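For what it's worth, the working numbering labels the leading residue of the sequence shown as 41, then goes sequentially. Think of the CB as a built atom: it goes at the ideal place given N, C-alpha and C, for glycine as much as any other residue. Computed from a prediction, not measured in an experiment: that's the story for all the values here.
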Amino acid sequence: MSQKRARKAVDSASREGAATVAAGPRKKAVWNALGVAGLAVAAFALTFGITKFGKKAPAAASARAGQAPPGMRLVPGGEFVMGTDAESAWPDERPPHRVRVDGFWIDEHEVTVAEFRRFVEATGYVTTAERAPDLKEIMAQSPPGTPEPPPEVLVPGSLVFHPTEGPVPLSDYSQWWRWTPGANWRHPNGPGSSTDGKENHPVVHVSWYDAQAYAQWAGKRLPTEAEWEFAARGGLESKPYAWGETPPGAGGKWQANIWQGQFPYQNNASDGFPTTAPVGSFAPNGYGLYDMAGNVWEWCADWYERGLYARRDGLCVNPAGPAKSDDPNQPYTPERVQRGGSFLCNDDYCSRYRPSARHGCSPDTGMSHVGFRCVKSLSDSKPAQATD
Ligand SMILES: [Ca+2]
Ligand SMILES: [Ca+2]
Numbered sequence: 041m042s043q044k045r046a047r048k049a050v051d052s053a054s055r056e057g058a059a060t061v062a063a064g065p066r067k068k069a070v071w072n073a074l075g076v077a078g079l080a081v082a083a084f085a086l087t088f089g090i091t092k093f094g095k096k097a098p099a100a101a102s103a104r105a106g107q108a109p110p111g112m113r114l115v116p117g118g119e120f121v122m123g124t125d126a127e128s129a130w131p132d133e134r135p136p137h138r139v140r141v142d143g144f145w146i147d148e149h150e151v152t153v154a155e156f157r158r159f160v161e162a163t164g165y166v167t168t169a170e171r172a173p174d175l176k177e178i179m180a181q182s183p184p185g186t187p188e189p190p191p192e193v194l195v196p197g198s199l200v201f202h203p204t205e206g207p208v209p210l211s212d213y214s215q216w217w218r219w220t221p222g223a224n225w226r227h228p229n230g231p232g233s234s235t236d237g238k239e240n241h242p243v244v245h246v247s248w249y250d251a252q253a254y255a256q257w258a259g260k261r262l263p264t265e266a267e268w269e270f271a272a273r274g275g276l277e278s279k280p281y282a283w284g285e286t287p288p289g290a291g292g293k294w295q296a297n298i299w300q301g302q303f304p305y306q307n308n309a310s311d312g313f314p315t316t317a318p319v320g321s322f323a324p325n326g327y328g329l330y331d332m333a334g335n336v337w338e339w340c341a342d343w344y345e346r347g348l349y350a351r352r353d354g355l356c357v358n359p360a361g362p363a364k365s366d367d368p369n370q371p372y373t374p375e376r377v378q379r380g381g382s383f384l385c386n387d388d389y390c391s392r393y394r395p396s397a398r399h400g401c402s403p404d405t406g407m408s409h410v411g412f413r414c415v416k417s418l419s420d421s422k423p424a425q426a427t428d
């Protein structure tokens with residue numbers, strides 16, 4: 041299917057289909073497991089003004105000199121154009137606008153299974169997927185009149201990706217995501233599966249709360265959405281990809297772990313990896329950062345607001361996101377930002393491995409393709425961040 045046809049198919053049914061490559065909320069998954077119809081998705085049509093910027097970004101501000109913490113790279117602060125008006129962009133990436141961020145340290149790769157294991161062994165932390173969903177929370181985030189799910193489905197679990205047998209409507213993510221009791225970061229495909237041999241792969245099935253807890257333990261924090269995009273661009277100005285302008289896979293060279301073939305049933309894995317890849321398997325971007333495109337989605341600190349950029353006016357300095365999430369497709373569920381796409385993204389479907397691409401997901405959701413990385417401010421004092 042062509043990119044335009046796929047987009048049209050997704051848009052005409054609902055944006056939920058596209059969203060789902062990134063995220064099917066944990067609570068909704070419980071309902072889907074019951075055969076209950078998904079939440080109604082409101083029709084979504086926003087017209088965004090397009091802002092053109094004639095001015096080039098100034099040279100990056102100088103960052104405080106110092107030794108990088110182990111496993112981290114310096115991202116010098118500076119101004120950049122956040123978002124894009126490119127044809128490939130989804131509405132929530134528009135309009136492009138100027139943003140300035142202070143310099144910061146960032147993990148050079150996604151947090152790995154081995155790193156997350158050290159955190160769990162040191163703290164005894166139990167992840168969201170290892171705890172039963174909370175009935176009260178489910179009901180609070182369900183449309184009025186929704187019946188309660190029976191107790192037997194309220195068990196620990198997570199969402200596991202299963203390729204379909206053949207073509208399916210791209211608007212129905214329940215075709216390829218399954219609520220799987222017993223799936224969690226230790227058992228990525230459910231009971232009986234393990235992370236043996238995958239210590240250097242990104243940890244998955246982690247919720248936003250899990251990522252926050254790890255970051256706090258590590259003396260770090262989750263990146264703001266603006267920091268994440270600035271870092272992903274690797275010093276390039278308004279380029280479509282973290283590596284520049286070359287389409288992914290041009291000349292048979294893959295720059296990221298994404299999906300080749302027809303989603304969600306034909307995974308050619310011509311980049312060498314049908315699911316997660318060991319971190320650092322592909323070339324780093326201009327800041328020495330691996331997998332800022334693809335491999336696994338990465339949680340950011342911010343709430344997700346679909347129309348955020350249209351509200352911004354003038355230069356935004358260290359934006360820390362809106363005070364609350366706002367997504368017409370998920371009126372009952374608050375969402376945090378995820379960035380970078382995953383091994384499930386391809387151009388036919390969502391192409392959300394581009395640095396400007398955004399996505400929202402309920403913070404208690406873990407999935408086969410969601411992980412995170414951390415940042416650290418250059419000084420111990422918290423950076424001056426402004427809520428949008
Ligand atoms: Ca791949
Ligand atoms: Ca990634």
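Query	Result
Taking the alpha helix (DSSP H) that residue 250 falls in, what are its first and last residues?	248-257
Taking the Cβ atom as the reference point for each residue, do residue 282 and residue 266 lie within a distance shorter than 8 Å?	no
What residue range is occupied by the uninterrupted alpha helix (DSSP H) comprising residue 351?	348-351
State the DSSP-derived secondary structure class of residue 278, mapped to helix, strand or coil.	coil
Identify which residue in 391, 349, 370 and 291 has its Cα closest to the Cα of residue 335.	391
Given 7 Å as the limit, tell me if residue 297 has its C-beta closer than that to any heavy atom belonging to ligand 1.	yes
Please classify residue 409 as buried or exposed, where buried requires at least 16 other C-beta atoms within 10 Å of its C-beta.	buried
Roughly how many angstroms lie between the CA atoms of residue 252 and residue 184, to the nearest whole one?	31 Å
Sorted by chain position, which residues of the same chain lie with C-beta nearer than 7 Å to residue 240's C-beta, five sequence neighbours on each side aside?	152, 154, 318 and 319
Just the Cα atoms here: how many angstroms apart are residue 384 and residue 213?	12 Å
Just to confirm, is the Cβ distance from residue 362 to residue 427 under 8 Å?	yes
So does residue 366 have its beta carbon nearer than 7 Å to some heavy atom of ligand 1?	no
Please report the Cβ distance between residue 393 and residue 333, rounded to the nearest whole angstrom; I am assuming they are in contact, meaning their Cβ atoms lie under 8 Å.	4 Å
Among all the DSSP beta bridges, which residues are the ones paired with residue 224?	227
From residue 156 to residue 133, what distance separates their C-alpha atoms?	31 Å
Cβ of residue 115 within 8 Å of Cβ of residue 136?	no
When the Cα atoms are used, what is the spatial distance from residue 218 to residue 355?	42 Å
Candidates 324, 290, 309 and 292: which alpha carbon is nearest residue 298's?	309
So, with DSSP's three-state summary, where would you put residue 416?	strand
In the DSSP assignment, find the unbroken alpha helix (DSSP H) run with residue 159 in it and report its ends.	153-163
Assuming residue 247 contacts residue 404 (C-beta within less than 8 Å), just tell me the rounded distance between them.	5 Å
For residue 352, which residues of its own chain have a beta-carbon under 6 Å away from its beta-carbon, when the five flanking residues on both sides are left out?	137
How big is the Cα-Cα spacing for residue 181 and residue 373?	5 Å
Shorter than 7 Å, the distance from the beta carbon of residue 407 to the closest heavy atom of ligand 2, or not?	no
Ordered along the chain, which non-local residues of its own chain (more than five positions away) have a Cβ less than 6 Å from that of residue 425?	358 and 360
Output the boundary residues of the beta strand (DSSP E) element that contains residue 270.	Counting along the chain, residue 270 falls outside any beta strand (DSSP E), though it belongs to the alpha helix (DSSP H) covering 265-273.
Scan the region 167-230 and note each continuous beta strand (DSSP E) run of 3 residues or more that stays entirely inside, going in chain order.	197-201 and 217-221
Residue 167 and residue 225 look like a contact to me (Cβ under 8 Å); what is the Cβ gap, rounded to whole Å?	6 Å
For residue 335, is the beta carbon positioned less than 7 Å from some heavy atom of ligand 2?	yes
Under three-state DSSP, which class holds residue 127?	coil
Out of 250, 349, 237 and 406, which one is the CA nearest neighbour of residue 160?	250
Can you tell me which of the three DSSP states residue 236 falls into?	coil
Specify the secondary structure class of residue 342 as computed by DSSP and reduced to three states.	strand
Going by alpha carbons, who is nearest to residue 364 out of 201, 344, 125 and 382?	344
Does any heavy atom of ligand 2 sit closer than 7 Å to the C-beta of residue 387?	no
I need the straight-line Cα distance from residue 196 to residue 306, nearest angstrom please.	30 Å
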